[in-house]
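Under this note's numbering, the very last position in the sequence shown is 933; numbers go up by exactly one each time. By construction, the Cβ of each residue, glycine as well, lies at the ideal position given by its N, Cα and C atoms. Okay, structure first, notes after.
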Amino acid sequence: MPSTTTTERTTTAWLAALEQRIERRDPGEPEFHQAVREVLETLAPVFDARPELREARVMERIAEPERQILFRVVWQDDQGRTQVNRGFRVEFNSALGPYKGGLRFHPSVNLGIVKFLGFEQIFKNALTGLGIGGGKGGSDFDPRGRSDAEVMRFCQAFMTELHRHLGENTDVPAGDIGVGGREIGYLFGQYRRITNRWEAGVLTGKGIGWGGSQTRTEATGYGNVLFTSEMLKVRGEDLEGQRVTVSGSGNVAIYTAEKAQALGAHVLTVSDSGGYVIDEKGLDLELLKQIKEVERGRVSDYAERRGGSARYITGGSVWDVPSDVALPSATQNELTEADALNLVRGGVKAVSEGANMPTTPEAVRVLQAAGVAFGPGKAANAGGVATSALEMSQNAARTSWPFERVEEELAGVMRRIHDTAYETAERYGRSGDYVAGANLAGFERVADAMLAQGLI
Numbered sequence: 478m479p480s481t482t483t484t485e486r487t488t489t490a491w492l493a494a495l496e497q498r499i500e501r502r503d504p505g506e507p508e509f510h511q512a513v514r515e516v517l518e519t520l521a522p523v524f525d526a527r528p529e530l531r532e533a534r535v536m537e538r539i540a541e542p543e544r545q546i547l548f549r550v551v552w553q554d555d556q557g558r559t560q561v562n563r564g565f566r567v568e569f570n571s572a573l574g575p576y577k578g579g580l581r582f583h584p585s586v587n588l589g590i591v592k593f594l595g596f597e598q599i600f601k602n603a604l605t606g607l608g609i610g611g612g613k614g615g616s617d618f619d620p621r622g623r624s625d626a627e628v629m630r631f632c633q634a635f636m637t638e639l640h641r642h643l644g645e646n647t648d649v650p651a652g653d654i655g656v657g658g659r660e661i662g663y664l665f666g667q668y669r670r671i672t673n674r675w676e677a678g679v680l681t682g683k684g685i686g687w688g689g690s691q692t693r694t695e696a697t698g699y700g701n702v703l704f705t706s707e708m709l710k711v712r713g714e715d716l717e718g719q720r721v722t723v724s725g726s727g728n729v730a731i732y733t734a735e736k737a738q739a740l741g742a743h744v745l746t747v748s749d750s751g752g753y754v755i756d757e758k759g760l761d762l763e764l765l766k767q768i769k770e771v772e773r774g775r776v777s778d779y780a781e782r783r784g785g786s787a788r789y790i791t792g793g794s795v796w797d798v799p800s801d802v803a804l805p806s807a808t809q810n811e812l813t814e815a816d817a818l819n820l821v822r823g824g825v826k827a828v829s830e831g832a833n834m835p836t837t838p839e840a841v842r843v844l845q846a847a848g849v850a851f852g853p854g855k856a857a858n859a860g861g862v863a864t865s866a867l868e869m870s871q872n873a874a875r876t877s878w879p880f881e882r883v884e885e886e887l888a889g890v891m892r893r894i895h896d897t898a899y900e901t902a903e904r905y906g907r908s909g910d911y912v913a914g915a916n917l918a919g920f921e922r923v924a925d926a927m928l929a930q931g932l933i
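Structure representation (structure tokens):
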């Protein structure tokens, strides 16, 4: 019988070899490789404790999508010119329920990005405990600067192809970067037109008046703040009076700032691709919403209209601002090792991911080594997809819940996710490591379902 140390070394070597096989099989997909690596680095304890999972090759099966859909999207702009984009939908894993995950419209979207997001979604959705599988999709179409009519024509062309793969018991997309209420409306309208069905549960993030859920707009940002609050509670603290930096200025960032302020925090920053704003008086959220949600403006506009308390810094990093709590809410790999070192020097206590994989692996190691409470996105930003699942429940029952009920349900889900990640980390000897706890808990839930359902 090998010693524990030998067994651990053998498992670690096997996981490293598996990672190399995945990278060779899927070349040119660095974000997907990063997401797989981050999970594999934490799974050795579960494979040591449960060798049947290794023998059944569960991880190899999880890392291979059940279905990858790539298609051409042809549409016409306002000048009558033909435009061609690519569409993607990766249906990754349905062991726990129908595929569930957003659509992203952004020039950076490619297959590797969609696979990274879909892989993360498997474990995130498992952590909610709400019976949803993992998937993701999108297009390299950029809605910025396009008219409503152009966005409508693109969405109709996109859904014309994708609709045949969707269904409330099959695959249920939602929004993501570049896909808000406007885009969901056009997508749903085209789905309804083609199928001749009012199948409200086929898309989430819909308008309140036609099948949407209260709190869905706020859910990802609110959920991340609630998760952060739970991490601080373990340390005997709360958000009251804490200086908070937030990156991004989209839906997630705005409602992260709103919930943090509601819990007594002093929120200082938002950012976009041009730079960031620091507002020493604390953000004026009504002004920010007017500029970003109504006018579709820039954070530089906020600084100009806010007056003396707000400064706009071109370029640079929002993480240069000293804070107690940092909430990255923009995009992947935005918080680097150098940024993490800045945050640690500034006395940061907690970092929690509102975006998907916004913190580089090197930065995560810096934060954890410094004893900073770190909330990984698959746990911390699961509030969005959790509320999407609650929207699906309301659609299935042909009912609508009030804001307060949905918010209460969301708070309960986020507490359970925190407690599950914390307790799983404890059980596997990784106390306080939310990355390991979230990965191990999510993996076990998916793996157990896969074993029960056989080789499919």
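Assuming Lys769 is part of the alpha helix (DSSP H), what are its boundary residues? Translated into the one-based positions of the sequence shown, residue 769 becomes position 292. Taken as a continuous stretch (DSSP letters only), Lys769 belongs to no alpha helix (DSSP H), as it is neither H nor E.
Going residue by residue through the segment 579–629, where are the continuous alpha helix (DSSP H) segments of at least 4 residues, counting only ones entirely within it? 588–605, all fully within the segment 579–629.
Near Arg544, what residues of its chain come up, given a Cβ to Cβ distance below 6 Å and the 5 sequence neighbours on each side ignored? Along the sequence shown, one-based indexing puts residue 544 at 67. The residues Glu568, in chain order, have a CB closer than 6 Å to that of Arg544 in the same chain once the five nearest residues on each side in sequence are set aside.
Classification of Ser806 by the beta-carbon crowding that lies within 10 angstroms, buried from 16 upward: Taking the first residue of the sequence shown as 1, we reach residue 806 at position 329. Ser806 sits buried, since 16 or more C-beta atoms from the chains shown fall within 10 Å of its C-beta.
Residue burial classification, Ile755 (beta-carbon count within 10 angstroms, cutoff 16): Position 278 of the sequence shown, counted from the first residue, corresponds to residue 755. Buried is the call here.
Short Cβ contact (8 Å threshold) for Met834 with Gln497: Taking the sequence shown and counting its residues from 1, one reaches residue 834 at position 357. Taking the sequence shown and counting its residues from 1, one reaches residue 497 at position 20. No, these two residues do not count as a Cβ contact at 8 Å.
Measuring straight from C-alpha to C-alpha, what distance separates Phe596 and Phe618? Indexing the sequence shown from 1 puts residue 596 at position 119. Indexing the sequence shown from 1 puts residue 618 at position 141. Cα to Cα, Phe596 sits roughly 22 Å from Phe618.
If you draw a straight line from the alpha carbon of Val912 to that of Lys601, how long is it in whole angstroms? As a position in the sequence shown, residue 912 is number 435, starting the count at 1. As a position in the sequence shown, residue 601 is number 124, starting the count at 1. C-alpha of Val912 to C-alpha of Lys601: approximately 12 Å in a straight line.
Nonlocal neighbours in the same chain, by C-beta distance under 6 Å from Met478, ignoring five residues either side: Indexing the sequence shown from 1 puts residue 478 at position 1. Low confidence applies to Met478: its pLDDT is 34, below 50, so where it sits in the model is not reliable enough to give any reading.
Whole-angstrom distance between Val523 and Thr489, CA atom to CA atom: Counting from one through the sequence shown, the residue named residue 489 turns up at place 12. Counting from one through the sequence shown, the residue named residue 523 turns up at place 46. Taking C-alpha positions only, Thr489 is separated from Val523 by approximately 11 Å.
Enclosing beta strand (DSSP E) for Asn562 [first to last residue]: What you label residue 562 is simply residue 85 of the sequence shown in a count that begins at 1. It spans 559–570 - the beta strand (DSSP E) in which Asn562 sits, taken as one unbroken run.
Start and end of the beta strand (DSSP E) containing Thr746? Along the sequence shown, one-based indexing puts residue 746 at 269. 746–749 is the span of the beta strand (DSSP E), which, as asked, contains Thr746.
Would you please state the rounded distance, in angstroms, between the beta carbons of Gly578 and Gly622? I believe it to be under 8 Å. In the sequence shown, the residue the question calls residue 578 occupies position 101. In the sequence shown, the residue the question calls residue 622 occupies position 145. At roughly 26 Å, the Cβ-Cβ gap does not stay under 8 Å, so Gly578 and Gly622 are not in contact.
Using three-state DSSP, classify Arg842 as helix, strand or coil. What you label residue 842 is simply residue 365 of the sequence shown in a count that begins at 1. Residue state, collapsed to three classes: helix.
Would Asn673 be called buried (16 or more neighbouring beta carbons within 10 Å of its own) or exposed? Here the question's residue 673 lines up with position 196 in the sequence shown. Exposed is the call here.
Buried or exposed for Gln556, please, with buried defined as at least 16 other CB atoms from any protein chain shown within 10 angstroms of its CB. Numbered from 1 along the sequence shown, position 79 holds the residue referred to as residue 556. When all chains shown are included, Gln556 counts as exposed.
Helix, strand or coil for Ala918, going by three-state DSSP, please let me know. Translated into positions along the sequence shown, residue 918 becomes position 441. In the three-state DSSP reduction, Ala918 falls in the helix class (H, G or I).
Counting only the same chain and skipping the five closest in sequence on each side, list residues whose C-beta sits under 7 Å from that of Gly823. In the sequence shown, residue 823 corresponds to position 346, counting from 1. These residues qualify, in order along the chain: Pro799, Ser800.
Quick check: what's the CA-CA separation for Ser748 versus Val723? Counting from one through the sequence shown, the residue named residue 748 turns up at place 271. Counting from one through the sequence shown, the residue named residue 723 turns up at place 246. Just so you know, the alpha carbons of Ser748 and Val723 end up roughly 8 Å apart.
Hey, is the segment 620–636 in contact with the segment 661–668, meaning 3+ C-beta pairs nearer than 8 Å? Inter-segment contact for the segment 620–636 and the segment 661–668 is present: three or more beta-carbon pairs are separated by less than 8 Å.
List the endpoints of the continuous alpha helix (DSSP H) containing Val679. By 1-based counting over the sequence shown, the position of residue 679 is 202. First-last for Val679: undefined, no H or E at that position.
Endpoints, the beta strand (DSSP E) within which Gln939 is located: Because the chain here runs from 478 to 933, residue 939 falls outside it and cannot be looked at.
Which one of Glu884, Gly909, Arg907, Ile894 has the shortest CA to CA distance from Arg922? As a working mapping, residue 922 is identified with position 445 in the sequence shown. Selected option, being the one with the closest Cα: Ile894.
Output the distance between the C-alpha atoms of Val679 and Glu781, rounded to the nearest integer angstrom. Numbered from its first residue, the sequence shown carries residue 679 at position 202. Numbered from its first residue, the sequence shown carries residue 781 at position 304. Cα-Cα distance, rounded: 42 Å.
For Lys758, which residues of its own chain have a beta-carbon under 6 Å away from its beta-carbon, when the five flanking residues on both sides are left out? Here residue 758 refers to the residue found at position 281 when the sequence shown is read from its first residue. Ser786.
Would you identify the three-state DSSP class for Val912, choosing helix, strand or coil? By 1-based counting over the sequence shown, the position of residue 912 is 435. Helix at Val912.
Buried or exposed: which applies to Gly930, given that a residue is buried once 16 or more other Cβ atoms fall within 10 Å of its Cβ? Here residue 930 refers to the residue found at position 453 of the sequence shown. What sits at residue 930 in the sequence shown is Gln, not Gly. Classification for Gln930: exposed.
Please say whether Ile539 and Ile599 have beta carbons closer to each other than 8 Å? On the sequence shown, position 122 is the one that residue 599 refers to. On the sequence shown, position 62 is the one that residue 539 refers to. Yes. Within cutoff.
Distance, Val591 Cα to Phe565 Cα: The residue given as residue 565 occupies position 88 in the sequence shown. The residue given as residue 591 occupies position 114 in the sequence shown. The straight-line gap from Cα to Cα measures roughly 7 Å.
What separation, rounded to the nearest whole angstrom, lies between the Cα atoms of Arg882 and Ala888? Counting from 1 along the sequence shown, the entry for residue 882 is found at position 405. Counting from 1 along the sequence shown, the entry for residue 888 is found at position 411. Rounded to whole angstroms, Arg882 and Ala888 show a C-alpha spacing of 10 Å.
Suppose the cutoff is 7 Å on Cβ atoms and the five residues either side in sequence are ignored; what does the same chain contact list for Thr481 look like? Within the sequence shown, numbered from 1, the residue matching residue 481 stands at position 4. With a pLDDT of 48 at Thr481, under the threshold of 50, the modelled position of that residue is not reliable, and no figure is offered here.
With DSSP collapsed to three states, give me the class of Asp653. In the sequence shown, the residue the question calls residue 653 occupies position 176. In the structure shown, Asp653 sits in coil (DSSP, three-state: anything other than H, G, I, E or B).
Could you pull the DSSP bridge partners for Arg788 from this structure? By one-based count along the sequence shown, residue 788 stands at place 311. Answer by DSSP bridge pairing, in chain order: Ile755.
Determine which residues share a DSSP beta bridge with Phe851 and list them. As a first step, residue 851 must be located in the sequence shown, where it is residue number 374. Its beta-bridge partners are Val828.
Range of the contiguous beta strand (DSSP E) that encloses Val723: Start at 1 with the first residue of the sequence shown, and residue 723 comes out as number 246. First-last of the beta strand (DSSP E) with Val723: 720–723.
Do the segment 855–874 and the segment 766–779 touch if we need at least three Cβ pairs shorter than 8 Å? These segments do not touch.
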